[in-house]
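Visitor:
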Amino acid sequence: MNNKIIKLGSFFSGIGSPEKALEKLKEEGIINDFKIEFFSEIDKNAIKSYCEIHNVDATLNLGNIKQIKGDKLPYCDLWIGGFPCQDISCAGKMKGFNFESSTRSSLGWEIIRLLNEVKEKPKFVIFENVKNITSKRFKETLNLFKEDLIKLGYSVFDSVLNAIDFNIPQNRERYFLVAILNTNAKYIFPKGNKTLLKLKDFMENEVDEKYYLSDSNYMKIEDNIIYLKNKKSDNIYEINIDKYYNGNCCGIDKNCKFHQSSRVYSELGYAPTLTASNTSENLKILVKEGEWL
Ligand SMILES: C[S@@+](CC[C@H](N)C(=O)[O-])C[C@H]1O[C@@H](n2cnc3c(N)ncnc32)[C@H](O)[C@@H]1O
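Okay, here's the thing in structure tokens:
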């Protein structure tokens, strides 16, 4: 580690999760320190959260990336940009991110524009998006994107990583692209190991009673299948006990309209990818206290 303070420029900043990763690297002594030179976000709640989480002033927010002039940007060592994924994700209409498409995902090209405009290019740029960006449907656009980075003098490395291999009990595959401003650069992505941590390790000890089925009716329908009925609501959960112990998706909420959010996951396993679209009716995690029937 050297004494350098990494100057960071953050685009599509959201709540700044990559910034949290940098904080962790600092705690672990892998980097010395980093400083947020600017961020760019348009969502007012995200901006507020970003400022609170990273203890920075809202004046550092440059707002809409389309309005940013590259030649006015201060020098940064690292740019990070997890550009919008709505038009790439299988959960959306998959309109794509072609340069001319004007989709939200095509905003990723704004970073290429800024790299062309900036007085001194950052040494490193990291992009993040959904795994589907590597699918046949989007491969051509992704290749054009990478070619532009290469034309700008970057070596480009990309890979799909799963959070489950990096000590997070969530199956969450994401595409990462690392661009290094050196045509001879080498970079090898970490492989990670499947985490030994389970959802149980992340559960809070003190949880409001409203989340428990303490007043529930239990009904056994087969040796390893039970119904849990919550008296306070209409929810009926059909649980497969074997699957619970195996740490799998172990049941469904019979009355939930949405397939994905109807699933009940075992606390002894991993969560699936959490989506932003079904937050009001999200997946359930079964935490067992005491004995079954
Ligand atoms: C996929 S999210 C990025 C999340 C981020 N990586 C995080 O850690 O929270 C994309 C973000 O881009 C923001 N965004 C969308 N259009 C934008 C624009 N024109 N200029 C700046 N930010 C924009 C959205 O509000 C959203 O927060």
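Numbering (this note's numbering), first residue to last: 3 to 295.
Every residue gets a Cβ at the ideal spot worked out from N, C-alpha and C, and that includes glycine.
(1) Leaving aside the five residues before and after Asn237 along the sequence, list all residues of the same chain whose C-beta is less than 7 Å from its C-beta, in chain order.
(2) Label Ala60 either buried or exposed according to how many other C-beta atoms from any shown protein chain fall within 10 Å of its C-beta, with 16 as the threshold for buried.
(3) Indicate, with yes or no, if ligand 1 has a heavy atom lying under 7 Å from the CB of Asn66.
(4) In the structure shown, what three-state DSSP assignment does Asp255 receive?
(5) Curious, which full-length beta strand (DSSP E) runs of at least 3 residues does the region 102-177 contain?
(6) Under 7 Å: does the beta carbon of Cys251 sit that close to some heavy atom of ligand 1?
(7) Between the C-alpha atoms of Ile70 and Val132, what's the straight-line distance to the nearest angstrom?
(8) Leaving aside the five residues before and after His56 along the sequence, list all residues of the same chain whose C-beta is less than 7 Å from its C-beta, in chain order.
(9) For a quick check, are the C-beta atoms of Glu269 and Leu201 less than 8 Å apart?
(10) Report yes if the C-beta of Phe14 is less than 7 Å from at least one heavy atom of ligand 1; otherwise report no.
(11) My output table needs one value for Asp73: the three-state DSSP class, helix, strand or coil.
Guide: Considering the structure as presented:
(1) Taking the sequence shown and counting its residues from 1, one reaches residue 237 at position 235. Contacts found: Asp255, Asn257.
(2) Numbered from 1 along the sequence shown, position 58 holds the residue referred to as residue 60. Looking at its Cβ environment, which holds fewer than 16 other Cβ atoms inside 10 Å, Ala60 is exposed.
(3) For the purposes of this step, residue 66 is taken as residue 64 along the sequence shown, with counting starting at 1. Asn66 Cβ: within cutoff of ligand 1.
(4) Residue mapping note: residue 255 aligns to position 253 of the sequence shown, counting from 1. In the structure shown, Asp255 sits in a strand (DSSP, three-state: E or B).
(5) 126-132, 157-164
(6) As a working mapping, residue 251 is identified with position 249 in the sequence shown. No, since every heavy atom of ligand 1 falls outside the 7 Å radius drawn around the Cβ of Cys251.
(7) Residue 70 sits at position 68 when you count from the first residue of the sequence shown. Residue 132 sits at position 130 when you count from the first residue of the sequence shown. When rounded, the distance between both Cα atoms is 25 Å.
(8) Here residue 56 is taken as the residue at index 54 of the sequence shown, counted from 1. Excluding sequence neighbours, His56 sits near Gly18, Glu21, Ile38.
(9) If you number the sequence shown from 1, residue 269 lands on position 267. If you number the sequence shown from 1, residue 201 lands on position 199. It is a contact, given that the beta carbons lie within the stated cut-off.
(10) Residue 14 sits at position 12 when you count from the first residue of the sequence shown. Checking the Cβ of Phe14 against ligand 1 gives yes.
(11) Translated into the one-based positions of the sequence shown, residue 73 becomes position 71. Asp73 falls in the helix class under three-state DSSP.
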